[in-house]
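Visitor: Per UniProt numbering, the very first residue in the sequence shown carries number 1; after that it's consecutive. Where a beta carbon is used, it is the ideal one built from N, C-alpha and C, also for glycine. None of these values were measured; they are calculated from a predicted model. Pasting a structure below so you can have a look.
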Amino acid sequence: MRGEQRHKTVRNRDVRVIPKWQRGGRVSTLNAGLDNATGDFVINVDGDTSFDNDMALQMMKQFTDKNVIASGGALRVRNWQENLLTRMQSLEYMLSMQAGKTGLSNWGVLNNISGAFGVFRKNTLKQVGGWDTHTAEDLDLTMRLKQYKKRHPNNKLAFTPKAVGHTDVPDTLKGLVQQRLRWDGDLLFLFLRKHNEGLTPRLLGWGNFIFTLVYGVLQNVLLPILVSLFMFYIFWAYPFDFVAALLILIYCVYLSTVLLFFTVYIGLVSERAKEDLKMAKWLILYPFYQFFMRLITAFSMVNELFRRSHEESSMAPWWVLKKGKRF
Numbered sequence: 001m002r003g004e005q006r007h008k009t010v011r012n013r014d015v016r017v018i019p020k021w022q023r024g025g026r027v028s029t030l031n032a033g034l035d036n037a038t039g040d041f042v043i044n045v046d047g048d049t050s051f052d053n054d055m056a057l058q059m060m061k062q063f064t065d066k067n068v069i070a071s072g073g074a075l076r077v078r079n080w081q082e083n084l085l086t087r088m089q090s091l092e093y094m095l096s097m098q099a100g101k102t103g104l105s106n107w108g109v110l111n112n113i114s115g116a117f118g119v120f121r122k123n124t125l126k127q128v129g130g131w132d133t134h135t136a137e138d139l140d141l142t143m144r145l146k147q148y149k150k151r152h153p154n155n156k157l158a159f160t161p162k163a164v165g166h167t168d169v170p171d172t173l174k175g176l177v178q179q180r181l182r183w184d185g186d187l188l189f190l191f192l193r194k195h196n197e198g199l200t201p202r203l204l205g206w207g208n209f210i211f212t213l214v215y216g217v218l219q220n221v222l223l224p225i226l227v228s229l230f231m232f233y234i235f236w237a238y239p240f241d242f243v244a245a246l247l248i249l250i251y252c253v254y255l256s257t258v259l260l261f262f263t264v265y266i267g268l269v270s271e272r273a274k275e276d277l278k279m280a281k282w283l284i285l286y287p288f289y290q291f292f293m294r295l296i297t298a299f300s301m302v303n304e305l306f307r308r309s310h311e312e313s314s315m316a317p318w319w320v321l322k323k324g325k326r327f
């Protein structure tokens with residue numbers, strides 16, 4: 001209600017709060033907004049996400065192409081100066097989310113439209129059923145939009161790097177691990193349980209099928225487990241000097257790749273190049289951070305496989321999750 005009062009005197013802006021008599025979780029709230037939306041576009045954001053003043057303008061430029069049915073926006077870390085963990089996550093958002101999604105969208109294989117910041121044509125969103133129960137509702141929706149795109153080949157899933165949102169990331173190790181256990185475990189649930197029958201060229205098209213198989217399943221689900229097993233094996237099977245030399249070599253290769261990606265990001269993607277260059281001195285630590293994240297991912301896969309951790313989500317009340325179909 002305070003939001004309505006605050007914007008009463010602002011011209012050309014109407015804020016309407018939709019009360020819900022009972023908490024139904026994130027998906028329930030999103031669908032309530034979709035049902036009450038009167039415009040042609042629906043913007044889905046997290047409650048703690050703020051934006052550059054030209055966000056709507058930059059995003060609507062993308063939709064001047066009538067074939068674009070949805071677009072993700074860039075997310076930056078607002079609290080990046082908090083500590084080392086937030087700086088590492090800031091680099092991760094720059095390289096994996098901003099730079100990575102910019103390239104993937106141009107190739108027609110965008111991996112995900114983030115639940116923290118995405119824009120959709122309302123009619124298309126309703127045709128695919130809106131948001132569905134369970135966790136990782138953003139990736140689930142992206143998968144259904146890709147299947148819709150297969151039936152309508154001219155449609156596009158876009159990414160708008162100049163439409164910028166800002167979010168806070170976990171600033172403690174415990175908070176970061178808990179977040180990634182949920183995020184990464186949801187990948188196994190989505191790809192190998194909920195959408196296992198939909199991972200076919202017939203439903204996704206060959207481009208998105210191959211990309212999802214390689215990037216989604218092999219790289220993000222299986223590879224972290226293999227990396228963890230590889231580390232245990234080499235320490236068990238080889239002398240320490242050999243292992244140390246091998247790890248130094250792997251570190252140098254990974255750091256070189258990160259430096260290349262960061263250079264491309266600064267030169268071609270970043271809308272705040274001078275500010276982002278301040279992060280360059282932290283790149284030397286980034287490979288260690290990513291290795292630690294792969295170990296967390298491996299644990300989250302085992303946790304989801306044996307404990308069905310997606311059913312423990314705080315994104316909805318237990319009775320809502322229980323009513324959803326069990327995969």
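1) Could you tell me which residues DSSP pairs with His166 in its beta bridges?
2) What residues match up with Ile266 in a beta bridge as DSSP calls it?
3) Would you say residue 353 and Met88 are within 9 Å of each other, going by their C-beta atoms?
4) Counting contacts by CB-CB distance shorter than 9 Å, is Leu110 in contact with chain D?
5) Helix, strand or coil for Ile113 per DSSP?
6) With the cut-off set at 9 Å, would you say Ala163 and Phe51 are in Cβ contact?
7) Would you kindly report the start and end of the unbroken beta strand (DSSP E) that includes Ile43?
8) When you compare only the Cα positions, how much space is there between Asp132 and Val27?
9) How many Å lie between Tyr215 and Leu139 at the Cα?
10) Here's a check: name, in chain order, each residue in its chain whose Cβ is nearer than 7 Å to the Cβ of Leu125, leaving out the five neighbours to either side.
11) Check Ala280 in the structure and name its three-state DSSP category.
12) Can you check DSSP and say which residues form a bridge with Lys156?
13) Quick check on this structure: which residue in Arg326, Lys325, Val253 and Ala316 has the alpha carbon closest to the alpha carbon of Arg23?
14) Which of the three DSSP states is assigned to Gly100 in this structure?
15) Among all the DSSP beta bridges, which residues are the ones paired with Phe120?
16) Taking the straight line between their C-alpha atoms, what separation do you get for Val221 and Arg193?
Guide: The relevant details are as follows:
1) Ser50 and Arg76
2) Answer is none; Ile266 lacks a bridge partner.
3) With the chain running from 1 to 327 in the structure shown, residue 353 is simply not present.
4) Of the protein chains in the structure, only one exists, and it is not chain D.
5) coil
6) yes
7) Phe41 to Val45
8) 6 Å
9) 14 Å
10) Leu34 and Val42
11) helix
12) Val68
13) Ala316
14) helix
15) Val42 and Ala70
16) 13 Å
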